[in-house]
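Letter by letter, the sequence shown follows residues 41 to 126 in the numbering used here.
Ideal placement from N, C-alpha and C gives every residue a C-beta, glycine not left out.
A quick note: this is a predicted structure, and the numbers were derived from the prediction, not measured.
Report on one structure; see the data block that follows.
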Amino acid sequence: MLSDMRANSADTPEDIGVIIEGCTVLQALSDVAKGCALLLGLIYSLNLSYPKHLKYTFEFLQKVLMELDGNNLSMKVQVLKNKLLE
(Lines of atoms letter the chains of each structure in order from A and count residues from 1; the text may use other names and numbers.)
(Lines give C-alpha, C1' and ligand atoms only; values in the text may rest on other atoms or scores of the structure.)
Protein backbone atom coordinates (compact mmCIF):
# COMPACT_ATOMS: atom_id res chain seq x y z
CA MET A 1 0.00 0.00 0.00
CA LEU A 2 1.23 3.47 -0.79
CA SER A 3 0.46 6.10 1.79
CA ASP A 4 -0.13 9.67 0.64
CA MET A 5 -0.68 12.03 3.56
CA ARG A 6 -2.06 15.45 2.60
CA ALA A 7 -4.52 17.92 3.98
CA ASN A 8 -6.55 18.26 0.79
CA SER A 9 -6.63 16.17 -2.39
CA ALA A 10 -5.53 19.21 -4.42
CA ASP A 11 -2.48 19.79 -2.19
CA THR A 12 0.93 18.30 -2.82
CA PRO A 13 1.62 15.28 -0.60
CA GLU A 14 3.13 15.95 2.82
CA ASP A 15 4.56 12.44 3.04
CA ILE A 16 4.61 9.44 0.75
CA GLY A 17 5.44 6.05 2.18
CA VAL A 18 5.05 2.31 1.77
CA ILE A 19 3.04 0.27 4.27
CA ILE A 20 3.16 -3.54 4.13
CA GLU A 21 0.80 -5.55 6.32
CA GLY A 22 0.18 -2.53 8.56
CA CYS A 23 3.87 -1.71 9.10
CA THR A 24 5.45 1.41 7.64
CA VAL A 25 8.56 0.17 5.85
CA LEU A 26 9.46 3.33 3.91
CA GLN A 27 8.50 6.95 4.47
CA ALA A 28 9.41 10.47 3.35
CA LEU A 29 9.65 9.43 -0.31
CA SER A 30 9.93 12.22 -2.86
CA ASP A 31 7.06 11.16 -5.15
CA VAL A 32 4.44 8.51 -5.82
CA ALA A 33 6.35 7.01 -8.78
CA LYS A 34 9.35 6.32 -6.56
CA GLY A 35 7.05 4.84 -3.90
CA CYS A 36 5.42 2.57 -6.46
CA ALA A 37 8.78 1.38 -7.81
CA LEU A 38 10.08 0.70 -4.30
CA LEU A 39 6.87 -1.12 -3.33
CA LEU A 40 7.19 -3.40 -6.36
CA GLY A 41 10.86 -3.97 -5.59
CA LEU A 42 10.01 -4.97 -2.03
CA ILE A 43 7.24 -7.31 -3.17
CA TYR A 44 9.64 -8.93 -5.65
CA SER A 45 12.69 -9.19 -3.39
CA LEU A 46 10.75 -10.39 -0.33
CA ASN A 47 8.70 -12.79 -2.50
CA LEU A 48 5.41 -11.48 -1.08
CA SER A 49 2.01 -12.42 -2.45
CA TYR A 50 -0.01 -9.74 -4.19
CA PRO A 51 -3.32 -8.66 -2.64
CA LYS A 52 -5.93 -10.87 -4.35
CA HIS A 53 -8.03 -7.98 -5.66
CA LEU A 54 -4.93 -6.33 -7.19
CA LYS A 55 -3.12 -9.45 -8.38
CA TYR A 56 -3.16 -8.68 -12.09
CA THR A 57 -2.43 -4.97 -11.59
CA PHE A 58 0.70 -5.73 -9.60
CA GLU A 59 1.71 -8.50 -12.00
CA PHE A 60 1.43 -6.12 -14.96
CA LEU A 61 3.42 -3.38 -13.21
CA GLN A 62 6.15 -5.75 -12.05
CA LYS A 63 6.53 -8.05 -15.01
CA VAL A 64 5.65 -5.83 -17.98
CA LEU A 65 6.57 -2.29 -16.97
CA MET A 66 9.51 -3.07 -14.68
CA GLU A 67 10.56 -6.20 -16.63
CA LEU A 68 11.12 -8.31 -13.49
CA ASP A 69 10.51 -11.99 -14.29
CA GLY A 70 8.76 -10.90 -17.49
CA ASN A 71 8.96 -14.32 -19.17
CA ASN A 72 6.41 -15.84 -16.79
CA LEU A 73 3.09 -14.02 -17.36
CA SER A 74 -0.44 -15.11 -16.54
CA MET A 75 -2.74 -15.44 -19.54
CA LYS A 76 -4.66 -12.24 -18.68
CA VAL A 77 -1.50 -10.15 -18.43
CA GLN A 78 -0.02 -11.76 -21.57
CA VAL A 79 -3.16 -10.85 -23.56
CA LEU A 80 -3.03 -7.25 -22.29
CA LYS A 81 0.68 -6.97 -23.12
CA ASN A 82 0.08 -8.29 -26.65
CA LYS A 83 -2.78 -5.82 -27.21
CA LEU A 84 -0.64 -2.92 -26.02
CA LEU A 85 2.21 -3.91 -28.33
CA GLU A 86 0.02 -4.20 -31.46
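When the alpha-carbon of Lys116 is set against those of Asp55, Lys103, Tyr96, the nearest one is in Tyr96. With respect to Leu113, Lys103 sits close: the two C-beta atoms are nearer than 8 Å.
When beta bridges are read from the DSSP output, Cys63 appears opposite Ile60. Within 10 angstroms of the beta-carbon of Val72 lie fewer than 16 other beta-carbons, which makes it exposed. Asn87 and Asp109 have their C-alpha atoms some 12 Å from each other. Inter-residue distance for Lys74 and Leu105 is about 14 Å (C-alpha atoms, whole angstroms).
Leu69 counts as buried, since no fewer than 16 other beta carbons sit within 10 angstroms of its beta carbon. Annotation: Glu126 to Leu120 spans about 10 Å, alpha carbon to alpha carbon. Boundaries of the alpha helix (DSSP H) harbouring Tyr96: 95 to 99, taken from the DSSP string.
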